[in-house]
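**Q** A single structure is presented below for examination.
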Ligand SMILES: Cc1ncc(COP(=O)(O)O)c(C=O)c1O
Ligand SMILES: Cc1ncc(COP(=O)(O)O)c(C=O)c1O
Ligand code: FES
Ligand code: FES
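Chains as they are written, first to last, in this note's numbering: chain P, 11 to 133; chain C, 11 to 133; chain A, 129 to 515; chain E, 129 to 515.
This is the structure we're talking about:
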């Protein structure tokens with residue numbers, strides 16, 4: 011069902027947890043649909059210095075969360091904003107068709123966290 | 011499907027053939043329904059001295075024809091007229107439900123042959 | 129690694145004795161039961177023997193009341209839609225429950241699209257509907273009541289006898305889906321008082337792709353599939369001889385094993401329920417605590433999602449299932465769990481453990497060891513609750 | 129006694145290699161393909177491999193065009209009624225032929241009862257309908273044409289390609305029942321130009337109780353059975369995994385064997401036809417002398433009735449079939465034989481001999497020895513003709 015890469019990220023998820031006093035927070039999804047993703051960021055000089063996730067969801071949801079944090083870590087915000095649902099799914103060597111909506115969540119949560127950071131900067 | 015008795019009468023049918031210059035002839039059935047039975051009789055002193063059949067039909071049709079000739083042989087006409095579809099079927103240790111109409115034919119053919127004989131007598 | 133199969137409500141391994149008889153009817157005795165030659169007669173005899181085995185097991189008055197089908201789902205379709213179409217002149221109202229299997233519910237939905245009217249009774253928190261609810265739902269247009277015997281997701285046993293008394297009194301045709309109960313608790317058509325009943329072979333160590341519909345003599349009914357005259361004109365198509373023979377054998381074995389298995393497995397069941405509730409906080413037992421199948425245990429664990437739990441258990445060699453939406457690729461979690469009043473969020477964290485003849489106390493021990501750290505790990509990963 | 133099985137159009141023995149793979153999926157790899165644990169994934173993989181094997185064999189563009197069913201009959205029901213219901217808004221007219229299998233004809237009859245209008249084309253004396261007949265029958269209400277690829281009783285191959293060109297030109301959905309042709313002659317959905325096609329495993333050394341419907345992508349269609357979402361929502365019910373896997377294997381083997389078998393068996397066929405016609409007077413070859421299945425021989429013997437002939441051949445160890453009414457328990461002989469212009473009387477004397485992979489030249493010799501005295505004996509017993 012899942013690619014090896016997905017199973018790897020599900021079994022050994024990278025960057026699980028929550029950053030204390032984060033610079034940015036993004037949460038997307040809905041528990042009644044079975045998926046919530048929360049991403050917390052620490053940003054320095056426009057670069058993502060640390061990123062963590064918490065996820066309630068299926069194997070694909072966990073794996074995409076893990077993958078998106080790995081992809082975003084160390085990137086500039088502009089670069090991180092280039093990460094798309096598709097690029098996450100591709101980095102995971104594909105997702106089953108029924109699970110494609112999970113990968114949407116991961117990129118969306120990242121984006122929400124970055125936007126939260128940017129909003130706070132401008133506030 | 012068929013009882014041993016049916017198979018015995020089918021495999022070794024008794025009294026197959028046609029009596030030359032018979033005293034009575036009965037033919038029932040319809041080739042387009044897949045069954046015809048013809049019974050020929052020789053009668054002496056009201057007793058069936060000889061009886062033969064020819065049949066176009068299924069295994070049950072052959073067996074009931076054979077059985078009915080065996081049952082009628084040597085009987086008085088009155089006795090022979092007592093032979094019913096049911097008694098033929100019973101003598102064969104039963105017939106499959108779908109084949110019950112065949113046994114009707116045998117008793118009917120016998121009856122037709124006897125009636126033919128009686129009609130000729132009265133003519 | 130230890131392998132523990134705890135998903136017997138999903139399907140069961142074919143019993144080796146069943147597989148063996150099937151093998152004979154696949155290869156040597158391969159005839160078409162409609163053929164009149166020796167190969168055909170051999171196959172016919174075997175099919176009729178299996179019919180006898182099924183008829184006896186459920187106390188049918190005659191073998192003519194059993195029709196073999198291509199699945200439990202097909203038997204549900206035949207029973208429900210066959211009665212509906214045949215009795216449309218009498219009325220268009222059907223009563224069912226909200227916790228039925230999709231084979232029943234989706235037939236009802238289809239019948240609604242075709243102009244029937246369906247009352248879907250809400251169950252209590254344990255998943256039971258009552259005879260009283262049924263009685264109150266009956267109108268003078270009601271032609272069919274269909275309520276399952278035991279629920280596949282939460283194991284709850286329905287008060288079928290009481291419901292059938294209501295149906296009898298009003299002369300309304302009554303169907304029950306006994307796919308999950310058969311072989312686990314007694315299923316007798318007269319004691320239950322049903323007119324139609326659905327069975328499926330693959331839940332009792334028989335093959336997949338074989339079911340049966342019991343239909344009481346005299347029940348007004350129309351076929352829903354068209355073709356040859358097989359199964360007394362009830363279900364056309366060359367008979368799945370090996371499957372039918374395997375079903376018959378599986379029924380025979382199930383009847384021999386039922387009481388001893390029920391006694392043994394219900395002990396495991398009660399231990400599993402007690403220990404899981406004790407060890408793992410924020411856990412809800414789903415289904416009835418007493419009126420449930422002897423092999424059936426089901427929970428919801430708050431704050432976590434079922435598929436992730438399943439995958440982690442699978443990595444420990446434990447095969448188990450969940451009513452989580454994410455296991456089915458839809459966004460909606462199990463209709464059964466929401467019908468008994470659980471929120472979707474909670475329903476997503478469901479787990480169903482269904483034991484079978486080959487499970488041992490060691491399997492139970494192993495599971496009770498494996499589960500808590502998995503729940504803990506997933507909760508630590510979860511943004512919900514105490515996570 | 130020698131045993132000669134000459135009834136491969138009725139059903140075939142399961143190939144030992146097929147039985148062996150089935151055994152694995154009955155016992156070890158018994159999971160439900162919908163389960164996400166290892167047992168389920170294993171089963172899913174096997175089902176999808178079989179789907180690939182079927183898709184490749186008939187040249188389907190994608191595996192998504194194949195749905196497994198519980199029989200050839202069910203696939204016919206799904207194809208014909210599924211297209212009819214889905215396209216009712218466009219029209220209510222269906223075209224078929226008088227020599228179709230009862231699975232097709234009885235679906236058409238049911239659709240007539242539901243308000244559809246059906247044109248049943250009369251075949252020529254060989255059992256063929258022409259593209260021209262089809263073209264002339266088309267109206268602006270025509271939504272479906274269903275004509276079988278090869279006939280089960282008389283072996284005649286229909287001009288499907290020509291008919292499909294007519295259907296294509298008028299954009300009418302075209303279905304063919306390829307149950308008898310598949311594995312014996314090439315069946316390619318693009319070359320035939322069909323939108324839907326029916327297969328059945330038990331005619332090609334696979335198990336009974338498994339069929340498949342091919343449906344070309346984009347064909348408007350509705351399901352006819354309701355339940356779970358299996359087979360891409362086309363056919364609910366837990367998949368008959370072992371049966372499907374066996375079907376896949378049988379297809380693989382059939383494709384390897386097809387040309388060699390056809391060459392060998394068509395020689396036997398031609399010899400049988402020539403010698404029977406020569407040896408036995410008052411014999412009629414039924415079906416097309418050239419455009420017929422390589423393994424198929426069929427006759428009518430005047431003045432005798434089929435069942436009796438079958439029973440006598442059976443006693444010689446020869447398993448064979450007849451379109452006689454008396455083999456089916458009805459009074460009507462085969463609709464195919466009367467449709468090609470034979471009287472009922474003659475049709476009652478029909479015999480169908482269908483060879484398979486394990487038949488040898490010695491089987492043919494044995495049959496050619498056994499038949500004449502039987503015919504003679506029955507004719508001597510018959511009140512008809514020269515009897
Ligand atoms: C032409 C044809 N169509 C359909 C069928 C039905 O297939 P099944 O027996 O798998 O239902 C058969 C054989 O029985 C057949 O010969
Ligand atoms: C209660 C119930 N009814 C019907 C079915 C359908 O049976 P089958 O899988 O044989 O179609 C199942 C199982 O899948 C079930 O649990
Ligand atoms: S979170 Fe539900 S499918 Fe992925
Ligand atoms: S003669 Fe036709 S069924 Fe007996």
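C-beta atoms are modelled at their ideal positions from N, C-alpha and C, and glycine is treated no differently.
#1: What ranges does the beta strand (DSSP E) occupy inside the stretch 321-384 of chain E, keeping only unbroken runs of at least 3 residues that lie completely in it?
#2: Give a yes or no on whether the minimum CB-CB distance between residue 508 of chain A and chain P is below 9 Å.
#3: Does any residue of chain E bring its CB to less than 9 Å from the CB of residue 84 of chain C?
#4: State the CB to CB distance for the pair residue 212 of chain E and residue 251 of chain E, rounded to an integer number of angstroms; the pair is presumed to be in contact (CB under 8 Å).
#5: So with Cβ pairs under 9 Å, would you call residue 432 of chain A a contact of chain P?
#6: If you reduce the DSSP assignment to three classes, tell me which class residue 302 of chain A lands in.
#7: Does residue 424 of chain E get closer than 9 Å to chain C when you measure Cβ to Cβ?
#8: Got a sec: is the Cβ-Cβ distance from residue 23 of chain P to anything in chain D below 9 Å?
#9: Should residue 218 of chain A be flagged as near chain E, meaning a C-beta pair shorter than 9 Å?
#10: In this structure, how does DSSP classify residue 288 of chain A when only helix, strand and coil are distinguished?
#11: Does the beta-carbon distance from residue 26 of chain C to residue 76 of chain C come in below 9 Å?
#12: Whose Cβ in chain C lies nearer than 9 Å to the Cβ of residue 281 of chain E?
#13: Closer than 6 Å by C-beta to residue 330 of chain A: which residues in its own chain qualify, once you throw out the five before and the five after it? Chain order, please.
#14: Taking DSSP as the reference, what is the three-state secondary structure of residue 189 of chain E?
#15: Answer with buried or exposed for residue 455 of chain A, where buried requires no fewer than 16 other C-beta atoms within 10 angstroms of its C-beta.
#16: If we count Cβ pairs, one from each stretch, closer than 8 Å, do we get three or more for the stretch 142-161 of chain E versus the stretch 439-446 of chain A?
#17: Return the chain-ordered list of same chain residues with a C-beta closer than 6 Å to the C-beta of residue 278 of chain A, the five sequence neighbours on each side being excluded.
#18: Assuming contact is defined by CB atoms lying nearer than 9 Å, are residue 80 of chain E and residue 397 of chain E in contact in what I supplied?
#19: From the DSSP output, in three-state form, read off residue 401 of chain A for me.
#20: With a threshold of 8 Å, establish whether the CB of residue 428 of chain E neighbours any heavy atom of ligand 4.
#21: If the cut is a Cβ gap below 8 Å, which residues of chain E does residue 72 of chain C touch?
#22: Can you look up residue 124 of chain C in the DSSP assignment and give me helix, strand or coil?
#23: Just verifying my parser: in three-state terms, what is the DSSP assignment at residue 408 of chain A?
#24: For residue 220 of chain E, is the classification buried or exposed, using 16 other Cβ atoms within 10 angstroms of its Cβ as the cut-off for buried?
#25: Give me the chain E residues within the contact set of residue 48 of chain C, using Cβ-Cβ distance strictly less than 7 Å, ordered along the chain.
#26: Can you find at least 3 beta carbon pairs, one from the stretch 311-318 of chain E and one from the stretch 356-371 of chain E, that sit closer than 8 Å?
#27: Express the C-alpha separation of residue 423 of chain E and residue 389 of chain E in angstroms, rounding to a whole number.
#28: Cutting at 7 Å between CB atoms, please list the residues of its own chain near residue 118 of chain C, excluding the five before and the five after it.
#29: Using C-beta distances below 8 Å, list every residue in its chain close to residue 33 of chain P, excluding the 5 sequence neighbours before and after it, in chain order.
#30: Let me make sure I understand the geometry here. Which of A/493, A/458, A/384, A/358 has the alpha-carbon closest to that of residue 172 of chain A?
#31: Step through the CB atoms of chain C and report whether any lies within less than 9 Å of the CB of residue 504 of chain E.
#32: Can you pull the chain E neighbours of residue 37 of chain C, defined as C-beta to C-beta under 8 Å?
#33: What in chain E is Cβ-close to residue 355 of chain A, meaning under 9 Å?
#34: Going along the chain, which residues of its own chain have a beta-carbon closer than 7 Å to the beta-carbon of residue 472 of chain A, five neighbours each way excluded?
#35: Should residue 64 of chain C be counted as a contact of ligand 4 given a C-beta to heavy atom distance under 8 Å?
#36: Between residue 45 of chain P and chain A, is there a C-beta pair that is closer than 9 Å?
**A** From the atom records:
#1: If we require 3 residues or more, the beta strand (DSSP E) runs fully inside the stretch 321-384 of chain E come out as 324-328, 339-343.
#2: A Cβ of chain P is located within less than 9 Å of the beta carbon of residue 508 of chain A.
#3: No, because no Cβ of chain E sits closer than 9 Å to the Cβ of residue 84 of chain C.
#4: The Cβ separation is near 23 Å, so there is no contact.
#5: Residue contact with chain P for residue 432 of chain A: present (Cβ-Cβ distance below 9 Å to some residue of chain P).
#6: Note: residue 302 of chain A maps to strand in three-state DSSP.
#7: Residue-level contact check: residue 424 of chain E does not touch chain C, since none of the beta carbons of chain C fall below 9 Å from its beta carbon.
#8: Protein chains P, C, A and E are contained in the structure displayed, whereas chain D is not.
#9: For residue 218 of chain A, the answer is no, since every Cβ of chain E falls outside 9 Å of its Cβ.
#10: Correct three-state label for residue 288 of chain A: helix.
#11: One thing to note: residue 26 of chain C has its Cβ within 9 Å of the Cβ of residue 76 of chain C.
#12: Result: empty, since nearest Cβ-Cβ is about 16 Å, beyond 9 Å.
#13: Sequence-distant partners of residue 330 of chain A (beyond 5 residues in either direction) whose C-beta falls short of 6 Å from its own C-beta, in its chain, are 139, 336.
#14: Residue 189 of chain E: coil per DSSP, three-state reduction.
#15: It is buried - the Cβ of residue 455 of chain A has at least 16 other Cβ atoms within 10 Å.
#16: Because the criterion of three Cβ pairs below 8 Å is not met, the stretch 142-161 of chain E and the stretch 439-446 of chain A do not touch.
#17: Within its own chain, the residues whose Cβ lies closer than 6 Å to the Cβ of residue 278 of chain A, once the five positions on either side in sequence are excluded, are 285, 308, 309, 421, listed in chain order.
#18: Residue 80 of chain E cannot be examined here, being either before or after the span of chain E that is shown, 129 to 515.
#19: The answer is helix: DSSP assigns residue 401 of chain A an H, G or I state.
#20: Not one heavy atom of ligand 4 sits closer than 8 Å to the Cβ of residue 428 of chain E.
#21: The contacting residues are 436, 509.
#22: In this structure, residue 124 of chain C counts as helix in the three-state DSSP scheme.
#23: Three-state DSSP puts residue 408 of chain A in coil, outside helix and strand.
#24: Buried is the call here.
#25: Ordered by position in chain E, the residues that pass the 7 Å Cβ test against residue 48 of chain C are 511.
#26: No, they do not touch.
#27: When rounded, the separation of the alpha-carbon atoms in residue 389 of chain E and residue 423 of chain E is 9 Å.
#28: If the five residues before and after residue 118 of chain C are omitted, its C-beta is found closer than 7 Å to the C-beta atoms of 38, all from its own chain and listed in chain order.
#29: Cβ neighbours of residue 33 of chain P beyond the five flanking positions: 51, 52, 53, 127, 130.
#30: A check of alpha carbon separations from residue 172 of chain A across A/493, A/458, A/384, A/358 identifies A/358 as the nearest.
#31: Answer no: the Cβ-Cβ gap between residue 504 of chain E and chain C never drops below 9 Å.
#32: In chain order: 511.
#33: Close partners of residue 355 of chain A in chain E (Cβ separation under 9 Å): 199, 200, 201, 202, 204, 205, 229, 230, 231, 232, 233, 234, 235.
#34: Cβ neighbours of residue 472 of chain A beyond the five flanking positions: 461, 466.
#35: Shortest gap from the CB of residue 64 of chain C to any heavy atom of ligand 4: 8 Å or more.
#36: Closer than 9 Å: yes.
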